[in-house]
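Protein chains in written order, with the numbering used here: chain A, 45 to 458; chain B, 30 to 397.
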């Protein structure tokens, strides 16, 4: 009896699920028929390891879209976001990018976080000659004509960070990173820079993404006695590393760390007490005093909750959406090819200050800042470049290439 | 298992012909994107056939088939990458200036294409021979295959200069001189996939209907008895494991040009377990079930994730749980045995509900 009952119970749940799903698709279809909005794609990992970071970026993009829609949209048309889940899986990113471009025929896609996901969708965007806004700082060595990079290149984050450390008496570096392309390339640059600017390397270590056992690494760090640990760990590993570092009795006073992938949102997970006085280098901090930022932070909190924080990648595609909208207005059409041409050289007053899309390499001119973690999980901004730094996706330290125009990369003349 | 009289075999091939015809006609009523997606599902169906051979028929559950899929896919990826660039981009940004020696032969199709089958098969022999000889089976074998999947992912991520690391091999341009961006090339690849699926199906059908198939089922149902009869189960197991790995490799090779990327995330534990789920949903021990399961689960995954990007995993979870609870033998198992029983059980449930008061002791009849 019980068995039969539970069987029908499960069956009815299943049927309800199907009815609800079909029903809501139908409602969505009915809703979209009323006017002709501009469709844009949002492609982030909403599930899997990367979702912890990417969901917040998606929220930032949706906020910008809502704000633009609230003041009437672009070209008198509303923006309709179509959200897809890349599921922290690179082939899925490629599939969903194809879907957004071929089936939904979106005008632009905002999305990706990891370099791997960007590399997975890049051939899709190039094949269909489309447009992607990519919001995260990355290792560089790329300048596709189909991507607008709103995050930092190495010379807008890693290199100024290293220079600042060297100038402030941190000469002995220990490099720690997750085992994938961004940390490896980033450290390639750091090592070249140490050689050129007079620092020394006392250790280098890579751990797999998702690694959580750091006692061995911490003993190695202790033995190597560095002045600073340059940290390019990504994701959950940071939580384990900083907690274990603190339990080992090492504070920022003993050995400070400078991180390039930890922002306000990650500190919430790590715990500010575990990261007190440690350093990070970014282009944007939630604590910035610009009027645009105050408005942005207030709007973000009002929309998603008081305990939510903004950070660099969130801000990067928040202004990315605005840049795109401005380019659409300028081009007079949402056509990706025309927008792509129009966005080059465009300026926008972003929360981090004025940003400019570089017309030759599709990256963005950005201000660089070093922050120190405060007890409340915010950053004390202790250094700033003052004015936006020009992006250089192919730093001469590690590359002999130069960008002539987006997509056209040649060897540097000797 | 599949040992019905000849008449039903002919009947079955009619179905086979009909399905092949439908698949061949799909390009006429699917959009380019959907066709491409469907082609991907069909490559998964080939993996499912291989898993069904060893799991459904021989009772060996491999939770590491992603490895063989990945090996085949990487061989294909290496070939396609060398068609696009003389020195793959990930090598140059990892500091390599020259193509490693073991990469060189992949420049030639005559080497790379057979390797997509041979490398997974050889590796399966290498793994299978000692483990099956040592009579490692059941859950221990499954754990072993999982560990292998983990090792491979770590190895491929760690060896970035040679494998492309987490990014995998991407940015592929053309296959045999045809641009991968062309819808016509995609249709061609789809046709090849359908053909390969057909061949794989017939191969598996033939295998399971020969003496070998009976031995496999015997391994599943009573390995010791088989041994007492003078057979050496280990040899059969190794053979079928290698064939299964070869099918996974073939699927991997077809997957890469259609999806345009292969990365370690496709060979890890999670996708490997997913592959077993396809077979479980379709119905293990039935070849049709494997194909249906692979296509259905992946179609559901795409459908749910497109329409409910934030909730799709829950829907998928409900789907899996309800399948396990409602159709423990999978769709085909239900279709063959359960459908009548199930109908009657619903009828009986109503009967018992209304008849409860009239039954002698006030309790319903026991449900079977």
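Using N, Cα and C, we set each Cβ at its ideal position, and we do this for glycine too.
- With fewer than 16 neighbouring CB atoms inside 10 Å of its own CB, residue 42 of chain B falls in the exposed class.
- With a contact defined as Cβ atoms closer than 8 Å, residue 305 of chain B and residue 80 of chain B qualify at about 6 Å.
- When beta bridges are read from the DSSP output, residue 126 of chain A appears opposite A:85.
- Interface with chain A (8 Å Cβ-Cβ cutoff): residue 145 of chain B is excluded.
- When the five nearest sequence neighbours on each side are left out, the beta carbons in the same chain lying within less than 6 Å of the beta carbon of residue 95 of chain A are those of 89, in order along the chain.
- Boundaries of the beta strand (DSSP E) around residue 427 of chain A: 423-428.
- With contact defined as three or more Cβ pairs closer than 8 Å, the stretch 198-216 of chain A and the stretch 228-235 of chain A are in contact.
- Look at residue 438 of chain A here: in three-state DSSP terms it is coil, with no helix or strand label.
- The C-beta distance from residue 123 of chain B to residue 190 of chain B rounds to 4 Å, short enough to fall under 8 Å.
- Bridge pairing for residue 455 of chain A: A:445 [DSSP].
- Shortest Cα-Cα distance from residue 382 of chain A to any of A:123, A:261, A:369, A:454 involves A:369.
- The continuous alpha helix (DSSP H) containing residue 282 of chain A extends over residues 281-291.
- Under the DSSP assignment, residue 250 of chain A falls outside any alpha helix (DSSP H), being part of the beta strand (DSSP E) whose first and last residues are 244-251.
- With a beta-carbon spacing of about 23 Å, residue 100 of chain B and residue 116 of chain B fall beyond the 8 Å limit used to define contacts.
- The count of Cβ pairs closer than 8 Å, one atom from the stretch 424-442 of chain A and one from the stretch 341-356 of chain A, stays below three, leaving the stretches out of contact.
- Think of a sphere of 8 Å around the beta carbon of residue 127 of chain A: the chain B residues whose beta carbon falls inside it are 338, 339, in chain order.
- By the Cβ test, the stretch 217-230 of chain A is in contact with the stretch 278-289 of chain A, since at least three Cβ pairs between them sit closer than 8 Å.
- Ranked by Cα distance from residue 258 of chain A, the options A:289, A:295, A:402 are led by A:289.
- In the structure shown, the three-state DSSP call for residue 208 of chain B is strand.
- Closer than 7 Å at the C-beta level to chain A, one finds these residues of the stretch 278-307 of chain B: 288, 289, 290, 292, 294, 295.
- For residue 148 of chain B, the closest of B:281, B:245, B:340, B:308 by C-alpha to C-alpha distance is B:281.
- When only Cα atoms are considered, residue 44 of chain B and residue 53 of chain B end up about 14 Å apart.
- Apart from the 5 residues on each side of it in sequence, residue 415 of chain A sits with its Cβ closer than 8 Å to the Cβ of 323, 324, 325, 326, 329, 331, 423, 424, 425, 426 in its chain, given in chain order.
- With a contact defined as Cβ atoms closer than 8 Å, residue 270 of chain A and residue 247 of chain A qualify at about 7 Å.
- Note on the stretch 100-158 of chain B: whole alpha helix (DSSP H) runs with a minimum of 4 residues are 118-122, in chain order.
- Under a 10 Å Cβ-count criterion, residue 410 of chain A is classified as buried, with 16 or more other Cβ atoms of the shown protein chains found around its own Cβ.
- With a threshold of 8 Å between beta carbons, residue 55 of chain B makes no contact with chain A.
- Think of a sphere of 8 Å around the beta carbon of residue 61 of chain B: the chain A residues whose beta carbon falls inside it are 146, in chain order.
- It is roughly 45 Å from the alpha-carbon of residue 160 of chain A to the alpha-carbon of residue 244 of chain B.
- For residue 178 of chain A, the enclosing beta strand (DSSP E) covers residues 176-178.
- For residue 204 of chain A, no Cβ of chain B is located within less than 8 Å of the residue's own Cβ.
- In the displayed model, residue 60 of chain B falls within coil according to three-state DSSP, outside both helix and strand.
- Residue nearest to residue 363 of chain A within the set A:80, A:109, A:59, A:85 is A:109 (criterion: CA-CA distance).
- Residue 319 of chain B is a Cβ neighbour of residue 74 of chain B, given a cutoff of 8 Å.
- The Cβ of residue 186 of chain B sits closer than 8 Å to at least one Cβ of chain A.
- Residue 338 of chain A counts as exposed, since fewer than 16 other C-beta atoms from the protein chains shown sit within 10 angstroms of its C-beta.
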